[in-house]
Amino acid sequence: MRQLLPLPFTRTNPNSREDSKETASSKARWKPKPGKTFTNSGLAKAKRIAFPEFSRQPYQRSTQQRLGHWYALPFLSLFSLVFRETKATCPTESIWPCTCSTDHESDYMNRWEDWNGHVRVDCSNAMESGEILSALRNAKWPSTQLWQFYMKFNKGVVELPEGVLGDLSFQWIYVWETSLKNIHPLAILPSSKRLVNLTIKHSRLKDFPFHNLSTFDHLKELNLDNNTLTSVPALQSDSLETLILAHNKITQLEENRWATPNLRKLNIMSNSLTSVPAFKFDNLEILNLSHNKIMQVRVNGWATPNLMNLDLSFNSLTFVPSLMIDSLEILSLSSNQISRVEENGWATPKLRKLYLKSNPLTSLKALKMESLEMLFLSFNAIARVETNGWATPCLRTLRLYYDMSTSVPAAKSDSIKRLNLEKSETTEAGDDGWIVPNEEELDIRRNPLLEFPFPVIKSLEKLEEFSCSPCNLGPTISSGLLNFQSNALKRVSLENGGISRLEPGAITGLSADTRVSLAGNEITTMNERVFQPILKEMSQGHGFLDIKNNPIRCDSSLSWLAFAPGLLRKVLGSCEDGTDLKDPDLMESLKVISTMACPPRPQCPDGRNPLLEFPFAVIKSLEKLEEFSCSPCNLGPTISSGLLNFQSNALKRVSLENGGISRLEPGAITGLSADTRVSLAGNEITTMNERVFQPILKEMSQGHGFLDIKNNPIRCDSSLSWLAFAPGLLRKVLGSCEDGTDLKDPDLMESLKVISTMACPPRPQCPDECGVKRRVATSGTGPVHMASGKEALIGEWPWQVAIYDRAVEEIICGGALIAERWVLTAAHCVVDYEPFFSIRDERDFLIYLGKHYRNNYMDDEFVQTKEVAQIIPNERNWRLRFQSDLALLKLHEPTKLTNGVQLVCLPTQEYLSRSNALQGTKGWVAGWGLDASDSPSKFLREVRLTVYDILSCENQTATTVGKLPELTDAHLCAGHQPDTHTSTKCGVKRRVATSGTGPVHMASGKEALIGEWPWQVAIYDRAVEEIICGGALIAERWVLTAAHCVVGYEPFFNIRDERDFFVYLGKHYRNDYMDDEFVQTKEVAQIIPNERNWRLRFQSDLALLKLHEPAKLTNGVQLVCLPTQECLSRSNALQGTKGWVAGWGLDASDSPSKFLREVRLTVYDILSCENQTATTVGKFPELTDAHLCAGHQPDTHTSTTYETLCEGDSGSPIVFQTNSKQERSPWLVEGIFSHIYMNETQKCSELRPGQFAIFTRVHK
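Mapped onto UniProt numbering, the consecutive letters of the sequence shown carry residue numbers 1 to 1260.
Following this line, the structure appears as structure tokens:
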């Protein structure tokens, strides 16, 4: 991504003031004050001491200041004082365009002797080598022995001449992303006695003074990665340990006269070598020769007795002879032209890993490698695997996916743990004789098996993962076929297999933690006999059943699940009409269907047994119990909490008569349904405790259940008064007082109310009639109730108030009408807190009553408008903002109560308020807030929320948001737990706080705001040590990118190793050291390119990356929405629509961007794109409706500015808002950047309007 701005370059005046107005170029070349240094108390960090006075002050202090500072630390030795005093840092005068700073963050600071060496000279801003020479020579350096010379992202300096560094010597010289071509042999000679690391990479170095290396006594690493070197002479260096020459143009290595006795690592990958000399390195351990053109290697002639890792992948080898390297542990030969491997004569006693992926191998019969642990044979042409002829007693992992294996005979191996046969051509797998007792993972997905080898499973006693998605299992899985024998089984994947029916016992041997996926099949009925045993096992652990994308019929056959909430929680899926299986309304309807459709079941006999101890645990196992009778039983005198915990949703009757029971603890009887009849008659109960009986009666009040408490000595005193205020609960009680008075006697209830008011202080009374809904006639001109149930019925909530803010000309809050002149609302709606607490003017607000639609022109005759006369916030709200967030609004005139405007009741009964605050209670809320598109709702919406106790609320909020809320008993918490709603909000931008240490937004607007595109992913390639592509985070563990970023096409299609990559989330700056706390790094677990990409490279240029662990969604990391609406995707693909793309690709100087850039491109139809591309480039592109074309027409941009995409932007998403008129509407990805048509010699900086970016459409 780049921008061309032909602006004049302005040099910075060395004498300009630091706070003067800067031009765009002077900002790029910021100049500090003379002598300015930057410290971070690294010495203090190393010794775990603090310097509060001077921790951020320059070290250029007088002797008195320094000594005074150190005298304050009596525990430091005199030696420390002297050492501190004599060690100098930077010169006092300016050395611009270079800068000098002290670096205290390096590991070297942990050693006292290296403290002086931590002076860093940065000349990244120099325009030519002469500036560096002048700046460093003219300065007065306290010491010439420094730590690091640094130059990065420099396009001006092309050579380092003799004397450029003066007499300064360095331990590290680090040059990266520059135009450096030549280094004079004497340029770095002053550092010959101190230099430890010399790095010049991603530059244009044509030659290097290799013959001088023998003079550098302490040089351990020489890194010349990514330059233009063509040859390497024999090197002489006694100290050199690491030599990196990757990504050059080297065609030959001198064979003789090498003298590098301590060389341990040699990397010559990605060059043009066709052959390699007979290496003679006594201590060489790692040799990387991958990505060359090597056709033959005589490894056995090498003198490398300590070689452990040899990488020859991506070459042109055709034959692998038997190797004789005693020390070799890892050998990579992937992506060659190897058709034959010599099977005998191997002398590699330590070889553990052998990679032979992506070769034209057709067989491997007699492999004899006794130490081999991992063998990778994927993407070959092997037709039959004869593992029984192998002598590989330690083999643990065998990968054969994407081969041509048509037959897999019975394997016999005590060592194999992981066998992968995915996407081969296997039609037959020997089902008898398999002896693999330690197998942990078996993957036979995407194979055309004619018959599944079910007996194989029985032999896998340590199996952890079994994947057969899709396999030839359908349409019916018979009883006993998938009989797992492993106690360690974690995952069973049977997706997309055409399965329509499972017989009882089809899948057995699962553990409580096994995750089973049957997604994408043809299952229509969830038979209780099949799935109940599976779910019951899972209910004991963390396992679950994924049955998504099946045409499940949600009829009476599913009613058994409605009565088993513990099992239902373990199911992921939906009905064929899209209704979630966990939908409460669905479950309620299934319960009703069940009672209508099912005949009565056999009853349990009455119990009259002299049990010494009641077997309470038995009850928990009876999930279909309808009647329970224990009259009399040895239950009394007290039934403790939790003892009668019923698990049956079909429970109709509980009889506990004549049991000598005198007391029940709260929660003694739980699990009752609304229709359960409970009899406690004939016991010794004297007190009807509210905490015991109120939950029981509340449940019964929803149905036909009742409580029989006759023939108990009930005391009808103040302890029973709570029942007098609950007529709905009282109706569910059968019984009388100890004096014979019926509990429902009106006089008794009135007297109990009087007793209650005498015992408790008077409470505010409700109006005579409140909380009543009236029927409202509607004209039918607008929707009354949406199919989703989210829009409220007109008049459904007649006490609902809308508060209109005249300052913003919008409805800002809701409220409740509690009296004709009084509205209850939240205090923060009508007060200000900044700069201090203040009550806003009453005239700022207007009150709507009886309102339904947001727009006034749709109001009917029930809507009333009232002015506010007085605002009265809760007095505690002044100090505790959200601890007492209530306010009263007094209206100028009384409200007229009509069918559309009514009062809501205030709570006056403590027991009822306590009951409503219990976890699991459901309440209704209505309002005009933002809807799912983050737009203000056009009408009054309603939502039903579940109440959660304060502790659960605090814990879940802390887990989800990362912040523990401050809640008290003055709060009520309601919503949904994460396990009740699976959808994650996507396409939402969050505000990201920035430290201000770097640019947030350039004046040109081409650098994105930090956090502007929180779904943007950077894909890092370990092979090239660089961010190579972008991507889009579409789920916590899934990234969408371009296939060509992660696969190879030469010599034939192959998926690269997942370990080659990792991804950055929340990243803004290319340099890692500038990352903030929002940046996350994730390893890649799986690469899944679009299967059409194998044949049509740029026609289906999409791939999915599965991450090893889920991304943590924060303000800086969010998901982008996938397109789900065909009409919206068609609209976004129309010519003239504008979308946004971000990336780290090449900029106008043909260098990788230092930060995330953004560009807004215009979409053009395919025909216009093809014609214009043919005119501009001279080549007619091959485009289809699977592509999206975006850019700029030649007549839309002048020659002064042009924005486009470039190399390095591949994989980045083009995103559109679902509603461009609403600032906060979600963003969705419509395409992934694939390619751009260019001339062969054309650079990014030479791209012009009419050369369009081509995206692969996601919706297609």
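Just so it is clear, CB atoms sit at the ideal spot from N, CA and C, and this is done for glycine as well. Treat the numbers as computed from the prediction; the structure is a model and nothing was measured.
Its chain contains 196, 239 as the residues whose beta carbon lies nearer than 6 Å to that of residue 218, once the 5 sequence neighbours on both sides are disregarded; these appear in chain order. Comparing alpha-carbon positions, the option among 1153, 264, 282, 1183 lying closest to residue 1164 turns out to be 1183. One thing to note: residue 1027 has its Cβ no nearer than 8 Å to the Cβ of residue 1034. A straight-line Cα-Cα distance of about 47 Å links residue 1139 and residue 531. Annotation for residue 243: the continuous beta strand (DSSP E) segment containing it runs 242 to 244.
In this structure, the straight-line span from the alpha carbon of residue 250 to that of residue 1220 is close to 53 Å. Close CB contacts of residue 921 within its chain, under the 6 Å cut and outside five residues either way in sequence, are with 947 (chain order).
In the three-state reduction of the DSSP assignment, residue 503 falls in the coil class. The Cβ atoms of residue 1176 and residue 1250 sit closer than 8 Å to each other.
Contact between residue 1161 and residue 1214 holds, since their C-beta atoms are separated by about 7 Å, short of 8 Å.
For residue 1041, the closest of 1114, 1069, 1120, 171 by C-alpha to C-alpha distance is 1120. Per DSSP, reduced to three states, the secondary structure at residue 1176 is helical.
When only Cα atoms are considered, residue 865 and residue 804 end up about 10 Å apart. Rounded to the nearest angstrom, the gap between the Cα atoms of residue 1223 and residue 538 is 44 Å. Excluding five sequence positions before and after residue 174, the CB atoms of its chain that fall closer than 8 Å to its own CB belong to 148, 149, 150, 151, 152, 197, 199, given in chain order. Comparing C-alpha distances from residue 1065 to each of 1078, 1155, 293 shows the shortest one belongs to 1078. Secondary structure at residue 1211: coil, using DSSP grouped into helix, strand and coil. Judged by DSSP secondary structure, residue 728 falls within the alpha helix (DSSP H) whose first and last residues are 727 to 730. Between the alpha carbons of residue 771 and residue 1090 lies a gap of roughly 58 Å. In the DSSP assignment, residue 138 falls within the unbroken alpha helix (DSSP H) covering 129 to 138.
Residue 733 is a Cβ neighbour of residue 697, given a cutoff of 8 Å.
Sequence-distant partners of residue 1015 (beyond 5 residues in either direction) whose C-beta falls short of 7 Å from its own C-beta, in its chain, are 1032, 1033, 1118, 1119, 1120. CA-to-CA, the gap between residue 706 and residue 678 works out to about 6 Å. Taking 8 Å as the cut-off, the Cβ atoms of residue 328 and residue 320 do not count as close. Straight-line measurement puts the Cα of residue 513 at about 24 Å from the Cα of residue 501. Non-local C-beta neighbours of residue 702 in its own chain, meaning closer than 7 Å and more than five positions away in sequence, comprise 674, ordered along the chain.
Within the model, the alpha-carbon separation for residue 1242 versus residue 547 is close to 52 Å. The beta carbons of residue 515 and residue 490 sit about 7 Å from each other, so the pair counts as a contact at 8 Å.
Distance from the CA of residue 510 to the CA of residue 1059, rounded to the nearest whole angstrom, comes to 32 Å. Ranking 1245, 724, 1193, 1062 by CA distance to the CA of residue 1151 puts 1245 first. Residue 830 sits close to residue 889, with the two beta carbons spaced by under 8 Å. The criterion of a C-beta distance shorter than 8 Å is satisfied by residue 98 and residue 126. Around the beta carbon of residue 1127, fewer than 16 other beta carbons sit within 10 angstroms, so the residue counts as exposed.
Closest option to residue 292, judged by alpha-carbon separation, among 721, 1050, 708: 1050.
In the displayed model, residue 1152 falls within a strand according to three-state DSSP. In the DSSP assignment, residue 709 falls outside any beta strand (DSSP E) and carries neither an H nor an E.
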